Amino acid sequence: MDERNQTMNDKLNTSWWALRIGLGAAPFLAGLDKYFNLLARWELYLNPLVLRVIPVSPATFMHAIGLVEMLVGLAILTRWTRLGAYVAGLWLVGIALNLLTMGAYLDVAVRDLLLALAAYTLAQLTEARQAVAGGQIAG
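Below, the structure is given as structure tokens:
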């Protein structure tokens, strides 16, 4: 492999790891915080329409959301990187749509759409890594 290809491979590998760690740790930590509310009062982000249809308290609902987010974060950080990244991307689009329909936290909605794009990028990079490695790299 020539030096230019090796440099490109190194940069792609570094980018993959940065996305994997960031997109794995962030949902895990945000999910964990659904139990402690140190980062935010998560119930405030719930659409009032959702509050009318859920059969549990907002806090209980957010605990369930937190569990899902922690599982997605762990999936990204372990051997299910590709699957976890796709789920995270869809999840983030759903959150953005929730915020847009509320007409609130529009800055967060835009940020979540960009994070969804990053999650999609991680999934695609993971697929490329797997193809190059003949499917031997976990993800």
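Counting from 1, position 64 in the sequence shown corresponds to residue 111 in our numbering; the numbering is continuous, with no gaps.
For each residue, glycine too, the CB sits at the ideal point set by N, CA and C.
As the structure is a prediction and not an experimental result, all values here were calculated from the model.
Shown here, Thr-128 sits in a helix according to DSSP, grouped into three states.
When the five nearest sequence neighbours on each side are left out, the beta carbons in the same chain lying within less than 6 Å of the beta carbon of Gly-131 are those of Val-119, Ala-122, Ile-123, in order along the chain. One thing to note: Gly-136 has its Cβ no nearer than 8 Å to the Cβ of Ala-178.
By the beta-carbon neighbour count (other beta carbons within 10 angstroms, threshold 16), Ile-142 is buried.
Contact check for Ala-165 against Leu-85 fails: the beta carbons are separated by 8 Å or more.
In this structure Asp-159 is buried. Its beta-carbon is surrounded by 16 or more other beta-carbon atoms within 10 angstroms.
In this structure, the straight-line span from the alpha carbon of Ala-73 to that of Ala-175 is close to 23 Å.
Judged by beta-carbon spacing, Glu-116 lies beyond the 8 Å limit of Ala-163, meaning their Cβ atoms are not closer than that value. Setting aside the 5 residues that flank it on each side, Val-155 is surrounded in the same chain by Leu-146, each with a C-beta closer than 7 Å to its C-beta; the list follows chain order. Under the three-state reduction of DSSP output, Ala-106 falls in the helix class. With at least 16 other beta carbons inside 10 angstroms of its own, Met-109 counts as buried.
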